[in-house]
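Written out below as structure tokens is the structure these notes cover.
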Amino acid sequence: MTTSTSEILIDLGALRHNLGVLTTRVAPSQVMVVVKNDAYGHGLVDVARTAVDAGVSWIGALDVPTALALREAGISPPTRIFAWLLDPAEDLGPAISASIDLGISTVDQLHTISAAGRPDAARVHLKIDTGLHRNGATVDDWPGLVSHARALENQGIVEIVAVWTHIAEANDHEDSLSIARFEKAVDVARELGVRVPLRHLAASAAGFARSDARFDLVRFGAFVYGLPPGDGPSAESMGLRQVMTMRAPVTAIDVLPDGRRRASIDLGFADGISTLAPGRIGVAVRGRRHPIVLPLEVDRTWIDLGDESDVIVGDLVTVWGDGSAGEPTLQEWGNATDTMSEELVVRLNPRVPRRLI
Amino acid sequence: MSSALTTHPSPPRRAAIDLAIVRGNARILIVEASPHGIVVDLRGDAYGHGAVAIAAALDGEAIDAFLVSHDDDARAVRESGVSIPAILRSQFNSAEARLIGPEIFGLDTATVPDPRGRGLLPAMTLSACVLSIKRVSADEGVSYGYVYRTARPTTLAMVCLGYSDGIDRHACNGGRAWFAGSTHPIAGRVAMDVFMLDVGENPVSPGDEVVLFGDEAKGYPSPVSWAASLGKTAAEVTASLGDRIVRSYA
Numbered sequence: 001m002t003t004s005t006s007e008i009l010i011d012l013g014a015l016r017h018n019l020g021v022l023t024t025r026v027a028p029s030q031v032m033v034v035v036k037n038d039a040y041g042h043g044l045v046d047v048a049r050t051a052v053d054a055g056v057s058w059i060g061a062l063d064v065p066t067a068l069a070l071r072e073a074g075i076s077p078p079t080r081i082f083a084w085l086l087d088p089a090e091d092l093g094p095a096i097s098a099s100i101d102l103g104i105s106t107v108d109q110l111h112t113i114s115a116a117g118r119p120d121a122a123r124v125h126l127k128i129d130t131g132l133h134r135n136g137a138t139v140d141d142w143p144g145l146v147s148h149a150r151a152l153e154n155q156g157i158v159e160i161v162a163v164w165t166h167i168a169e170a171n172d173h174e175d176s177l178s179i180a181r182f183e184k185a186v187d188v189a190r191e192l193g194v195r196v197p198l199r200h201l202a203a204s205a206a207g208f209a210r211s212d213a214r215f216d217l218v219r220f221g222a223f224v225y226g227l228p229p230g231d232g233p234s235a236e237s238m239g240l241r242q243v244m245t246m247r248a249p250v251t252a253i254d255v256l257p258d259g260r261r262r263a264s265i266d267l268g269f270a271d272g273i274s275t276l277a278p279g280r281i282g283v284a285v286r287g288r289r290h291p292i293v294l295p296l297e298v299d300r301t302w303i304d305l306g307d308e309s310d311v312i313v314g315d316l317v318t319v320w321g322d323g324s325a326g327e328p329t330l331q332e333w334g335n336a337t338d339t340m341s342e343e344l345v346v347r348l349n350p351r352v353p354r355r356l357i
Numbered sequence: 358m359s360s361a362l363t364t365h366p367s368p369p370r371r372a373a374i375d376l377a378i379v380r381g382n383a384r385i386l387i388v389e390a391s392p393h394g395i396v397v398d399l400r401g402d403a404y405g406h407g408a409v410a411i412a413a414a415l416d417g418e419a420i421d422a423f424l425v426s427h428d429d430d431a432r433a434v435r436e437s438g439v440s441i442p443a444i445l446r447s448q449f450n451s452a453e454a455r456l457i458g459p460e461i462f463g464l465d466t467a468t469v470p471d472p473r474g475r476g477l478l479p480a481m482t483l484s485a486c487v488l489s490i491k492r493v494s495a496d497e498g499v500s501y502g503y504v505y506r507t508a509r510p511t512t513l514a515m516v517c518l519g520y521s522d523g524i525d526r527h528a529c530n531g532g533r534a535w536f537a538g539s540t541h542p543i544a545g546r547v548a549m550d551v552f553m554l555d556v557g558e559n560p561v562s563p564g565d566e567v568v569l570f571g572d573e574a575k576g577y578p579s580p581v582s583w584a585a586s587l588g589k590t591a592a593e594v595t596a597s598l599g600d601r602i603v604r605s606y607a
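So the protein lines, in turn, are chains U and P. With my numbering, the residue at position 74 of the first sequence is 74, and numbering never jumps. My numbering runs 357 ahead of the 1-based position in the second sequence.
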């Protein structure tokens with residue numbers, strides 16, 4: 001089969017498989033499927049719908065515009081949609097009315113909720129900083145944040161749904177310290193009158209590996225898409241399947257002065273091909289791996305065919321996939337280009353067409 | 358998602374593009390290239406500057422054609438009413454015309470390593486807002502993997518740009534951004550949606566603006582120096598900025 005353009009294939013069967021593996025793995029904890037950045041480049045609404053159809057009741061949206069887009073696309077309560085990156089200039093009223101769960105780190109954010117003046121109680125997840133030092137209340141600020149939220153809860157302005165944090169995944173010891181700090185913060189919240197909040201701390205790696213990190217809910221992003229961390233076990237060995245394949249037809253073949261042949265595909269650095277790719281990774285044509293070589297152009301990549309002469313214009317080049325056509329996985333791509341597979345998929349240009357299979 | 362943000366009164370991630378600078382750069386380059394035919398390279402959506410807006414801004418200049426990446430781009434330029442033709446790579450003949458590249462935006466390339474030295478100024482200012490702030494003590498690890506540790510008690514500002522916006526995860530290795538009159542180090546690995554800036558003792562509030570690069574005459578890191586800290590050319594940096602960053606033109 002040939003296609004005329006570059007394309008991204010999304011294997012919904014692989015996605016459902018991963019959802020099943022992760023749900024079983026962390027049960028009885030629940031799973032939140034994180035769909036930020038267009039579901040890591042896999043398609044926001046398609047991924048969210050597939051997750052809801054598979055029985056997932058929590059969707060992690062990142063920000064309010066994304067959360068509202070999901071509600072507009074028909075992801076309705078009782079499915080919970082969580083937004084935690086809040087713009088300080090944002091009116092939270094529409095989010096409250098749409099029953100979006102809000103990740104809250106500061107008293108100022110609680111003021112913003114009060115100022116929205118909505119009749120419905122805002123569903124809030126109070127965040128404690130357990131060492132990552134991004135957002136989340138410090139240990140010193142935590143009792144003040146919880147007390148303020150409790151006061152608003154008594155007025156019917158908020159409902160405290162959860163206590164949560166984000167850990168650094170620096171090493172097991174540091175993560176254990178963060179887990180202990182989290183448990184202490186949950187105790188403080190309870191002492192201040194918060195009743196049975198949900199607790200969530202872990203994202204993919206810690207949630208998969210550590211039962212003591214799972215609490216009531218695990219936020220799975222990368223693993224949903226079959227994207228394990230670099231330099232660790234492969235997706236396959238973890239029982240996961242890579243959901244995304246990217247491929248493109250050969251658009252030209254040149255013969256260089258030394259007799260070597262090279263083939264081009266019409267994907268370049270503006271499309272998300274890493275500038276570190278040339279000389280470090282290969283792609284598959286006709287089941288064989290050929291290296292990407294310089295120059296990497298804005299809209300074109302060159303592949304060294306050596307003296308191989310059977311590749312022709314129109315042949316499909318598999319840039320990355322699950323490896324079944326001889327291509328590298330995204331984990332291999334991440335390792336070869338000094339990053340993580342997540343960076344490669346979220347930086348893809350949305351111009352590249354996406355097709356569900 | 359991006360459509361919701363374009364209606365935002367002050368979008369949290371923004372690339373302000375100065376079209377007068379693009380025209381000024383174009384005139385310098387056109388004079389240098391004459392009397393050859395001139396094609397301006399607007400591939401990669403004009404290296405992230407927006408091919409349609411740039412083509413319209415240059416429509417009155419002595420340019421024979423715009424080179425674009427895709428049929429869709431050529432059609433969009435044509436349908437916007439621009440009279441200069443938009444062509445694809447297969448239609449460009451290097452024997453007949455000189456190609457003016459991303460240096461027209463004040464960006465360095467393999468062939469133009471020092472655009473400012475030729476009087477070419479950066480057209481794009483990339484900025485984002487501070488979402489939250491945090492006071493931390495000395496020797497605290499910051500962000501994933503704790504690769505950054507604070508040297509002294511300091512203030513960290515969480516800025517809403519991340520690697521999904523095209524800010525490399527490794528920008529912490531020497532990357533600096535402008536805030537309140539001077540540049541400050543990026544603290545720890547850039548995350549998918551945010552990075553932390555170590556602003557020291559500077560007062561900072563949520564909503565404040567941080568500039569990643571722009572005109573160095575205003576004290577900002579230049580796109581060339583920003584890109585160099587990532588081991589890239591500036592053209593590679595701007596071409597891969599994400600579409601959550603709202604482009605505006607003046």
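In this text, a Cβ means the ideal position worked out from N, Cα and C, and glycines have one as well.
Interface partners of residue i on chain U, CB under 7 Å
i        : result
GLY531/P : Ordered by position in chain U, no residue passes the 7 Å Cβ test against GLY531/P, which lies about 15 Å from the chain.
SER367/P : ALA89
ASP600/P : PRO350
VAL499/P : HIS133
GLU593/P : PHE269 and THR275
Nonlocal neighbours in the same chain, by C-beta distance under 8 Å from residue i, ignoring five residues either side
i        : result
GLY136/U : SER105, LYS127, ILE128, ASP129, THR130, THR165 and HIS166
ARG199/U : ALA162, VAL163, TRP164, PHE182, VAL186, PHE215, ASP216 and LEU217
ARG289/U : GLY282, VAL283, GLY326, GLU327 and PRO328
GLN360/U : Outside the modelled stretch of chain U, which goes from 1 to 357, sits residue 360/U, for which no answer is possible.
ALA202/U : ILE167, ARG210, ALA213, ARG214, PHE215, VAL218 and ARG219
Cβ-based burial, residue i [other Cβ within 10 Å; buried from 16]
i        : result
GLN109/U : buried
VAL556/P : buried
GLU327/U : buried
GLN448/P : exposed
ALA596/P : buried
VAL388/P : exposed
GLN242/U : buried
GLY498/P : buried
MET358/P : In this prediction, MET358/P has a pLDDT of 36, which is less than 50 and means its spatial position is unreliable; what the coordinates show is noted afterwards. With 16 or more other Cβ atoms within 10 Å, it is buried.
PRO368/P : buried
ASP522/P : buried
PRO77/U  : exposed
GLU342/U : buried
ALA67/U  : buried
Proximity of residue i and residue j at Cβ, strictly below 8 Å
i        : j        : result
THR608/P : THR468/P : In the structure displayed, chain P extends from 358 to 607; residue 608/P sits before or after that span and is not available.
ALA168/U : TYR505/P : no
GLY207/U : VAL218/U : yes
PHE269/U : MET32/U  : no
VAL64/U  : LEU86/U  : yes
GLU566/P : CYS517/P : no
ARG261/U : ILE253/U : yes
VAL107/U : LEU145/U : yes
ILE8/U   : MET340/U : no
Within chain P, partners of residue i - CB distance below 8 Å
i        : result
LEU85/U  : LEU488, CYS517, ASP550 and VAL551
ALA270/U : ARG400, GLY401, ASP402, TYR404, GLY405, SER426, ALA596 and SER597
LEU267/U : Those within 8 Å of LEU267/U in chain P number zero; the least Cβ separation is about 10 Å.
ARG347/U : TYR520, SER521, GLY523, SER597 and GLY599
Own chain, CB closer than 6 Å to residue i, minus 5 neighbours either side, in chain order
i        : result
ARG123/U : ASP101, GLU159 and VAL161
SER274/U : THR337
ALA48/U  : VAL35, ILE59, LEU70 and ILE75
PRO459/P : TYR404, THR466 and ALA592
Proximal residues of chain U, C-beta to C-beta of residue i below 9 Å
i        : result
GLU418/P : Ordered by position in chain U, no residue passes the 9 Å Cβ test against GLU418/P, which lies about 22 Å from the chain.
Residues that residue i contacts on chain P, provided the C-beta gap is smaller than 9 Å
i        : result
ASN135/U : LEU488, SER489, LYS491, MET515 and VAL551
Beta-carbon contacts of residue i that lie in its chain and below 7 Å, excluding the five residues immediately before and after
i        : result
GLY538/P : GLY576
PRO278/U : ILE292, VAL293, LEU294 and LEU296
TRP333/U : ILE281, TRP320, SER341 and LEU344
Chain U contact residues for residue i, given Cβ-Cβ distances below 8 Å
i        : result
PRO580/P : What PRO580/P touches in chain U: nothing, since even the nearest Cβ is about 15 Å away.
ARG526/P : THR339, MET340 and GLU343
GLY307/P : With chain P represented from 358 up to 607, any question about residue 307/P goes unanswered, as that position is not in the structure.
Partners in chain P for residue i, counting only beta-carbon separations shorter than 7 Å
i        : result
THR106/U : SER489
GLU342/U : MET549
LEU62/U  : ASP550
**Asked** Any residues in the stretch 167 to 187 of chain U with a beta carbon nearer than 8 Å to a beta carbon of chain P? Which ones, in chain order?
**Response** Cβ contacts with chain P come from ALA168, GLU169, ALA170 and GLU174.
**Request:** Identify each residue in the stretch 9 to 40 of chain U for which the Cβ-Cβ distance to at least one residue of chain P is less than 9 Å, and report them in chain order.
**Result:** LYS36, ASN37, ASP38 and TYR40
**Prompt:** Residues in the stretch 296 to 311 of chain U with C-beta within 9 Å of chain P's C-beta atoms, listed in sequence order?
**Reply:** LEU296, GLU297, VAL298, ASP299 and ARG300
**Request:** Taking only beta carbons into account, state which residues of the stretch 501 to 513 of chain P come closer than 9 Å to chain U, listed in chain order.
**Result:** TYR501, GLY502, TYR503, VAL504, THR507 and LEU513
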